[in-house]
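For any residue, its number in my numbering is found by taking its place in the sequence shown, counting from 1, and adding 1. A virtual CB, placed ideally from N, CA and C, is assigned to each residue, including glycine.
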Amino acid sequence: MEIVKASLDRITGNFAVVYSDDGRKFDVALEVLPRDCPAGSRLVLHLDSGTMSKIEPDLESSRDARKRISEKHSRLLRGGHL
């Protein structure tokens with residue numbers, strides 16, 4: 002069993018487009034995706050012989066990413082990027 006960290010990139014039709022941290026792309030049926038996972042959510046994928054057996058939200062990583070983006074956005078608004 003392989004455990005892979007990933008991000009939910011977008012939802013298109015009945016599928017979610019998910020990219021692993023190592024760059025692999027997965028098209029995941031929406032009914033398999035955990036509830037309340039908007040685009041940008043961090044996920045933990047469980048792969049068994051290349052087949053996805055389980056998807057879990059990575060709440061801590063999602064919180065950290067939102068905080069990091071919010072702080073960066075605030076710096077940009079203050080002109081801290083110059």
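Between Asp22 and Leu44, the gap from beta carbon to beta carbon reaches 7 Å or more. Annotation: Lys68 to Ser62 spans about 10 Å, alpha carbon to alpha carbon. The alpha-carbon separation between Arg25 and Ser8 amounts to approximately 11 Å.
If you check the CB distance, Leu31 and Val5 do not come in under 7 Å. Each of Gly80, Val19, Met2 and Arg76 was checked against the Cα of Ser42, and the nearest Cα belongs to Val19.
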